[in-house]
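Residue numbers (our numbering): 87 to 371.
Have a look at the structure below, then the notes.
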Amino acid sequence: MLPTFPDATLARLPEASREKAITLDHARQAAHAALAAVNVRLREAFTRHDAMSNAIEAQLSEMPADRRYADEIEAARAPLKIVEAEISRLKAEVGRAEREFQSHDCLDRAAKWLAEAPQLQRPFKHRSPPVVKAGADHRKLVEQARTRIDEVTGQIEAVELAPAPADDLRAQITYEVDRLAEAGCPAIDHRDPGSIGAALIRAARTDTFVLWLNRDALVAKLTAEIKDAANAMSVAAKEAAIADLIAERLTIERDEEATIAAAHVAGTIITRRCGADARALLELA
């Protein structure tokens, strides 16, 4: 398979981040090669199984029906069972190899982010990863970090779904009604009083004429329906809150990635999340 990170992208990364990206991609390439190899072995085993099965059935078909004893049939098919057991083992091995290869899916997201990041117009800056205490329970720390990541992500979604303040909604309703009502206003030519009737008829045939005719009543009725919500947030407040939460989540993700890297050094393999932030993954500021 092709490298995940193009050379042009790697060239813009700081040295430490570039080396990490290359190392992670090499691991992914190795996982892909291992998956391809075991799939070849599985296909070969199926081919041998089919050929052997056909040969055994041909051998049995040549035996008179009255001489096909169960023990002879069992003996003839014994080699087939060995291959079937091999196929079962290889299927399990393929499953493990697929999971190992899929564990590197986070690199695709990182590569996509790097390709779209505005920083590509200038070099990125490296950010040293947080220090993980010696002897730490890496799996527990990663589990705790992922719990917090999920919590913060939920908070971001809650902010995104928060209703607008009542005053903002009332102002928007008034604006929309005015905009539509203006479109329904009869176009009267003051220079030609005789055209007023035709102008009214034309306006009355439009969907927005009723809005123009009842503009004040409609605004009053719609705005009266708006109630204050306890969790209401303005657009500016939402943007500020989301920016703070995203920064908090990135800090947690940096801790998570540093712990995963420390675990790897200690001989413990922890699969990275597919949605891992590229900045945390590649130690970018």
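Just so it is clear, CB atoms sit at the ideal spot from N, CA and C, and this is done for glycine as well.
- Inter-residue distance for Met138 and Val124 is about 21 Å (C-alpha atoms, whole angstroms).
- Rounded to the nearest angstrom, the gap between the Cα atoms of Ala315 and Leu266 is 27 Å.
- Scanning its chain for C-beta atoms nearer than 8 Å, with the 5 sequence neighbours on each side dropped, one finds around Arg256 the residues Thr309 and Ile312, in chain order.
- Around the CB of Met149, fewer than 16 other CB atoms lie within 10 Å, so the residue is classed as exposed.
- Per DSSP, the continuous alpha helix (DSSP H) segment holding Ala119 begins and ends at Glu101 to Ser147.
- In this structure the stretch 342 to 352 does not touch the stretch 246 to 263; the number of beta carbon pairs closer than 8 Å is below three.
- Under the three-state reduction of DSSP, His224 is assigned to helix.
- Under the three-state reduction of DSSP output, Leu308 falls in the helix class.
- Straight through space, the alpha carbons of Leu88 and Leu368 are spaced by roughly 19 Å.
- Pairing Ala366 with Lys324, the inter-Cα distance amounts to about 24 Å.
- Burial check for Val228: the Cβ neighbour count within 10 Å reaches 16 or more, so the residue is buried.
- Residue burial is scored here from C-beta neighbours: Ala164 has fewer than 16 other C-beta atoms within 10 angstroms and is therefore classed as exposed.
- Closest by C-alpha distance to Ile242, out of Pro92, Lys211 and Asp330, is Asp330.
- Beta-bridge pairing by DSSP links His212 to Leu370.
- For Arg234, the closest C-alpha among the options Ile173, Arg291, Arg340 and Tyr261 is that of Arg340.
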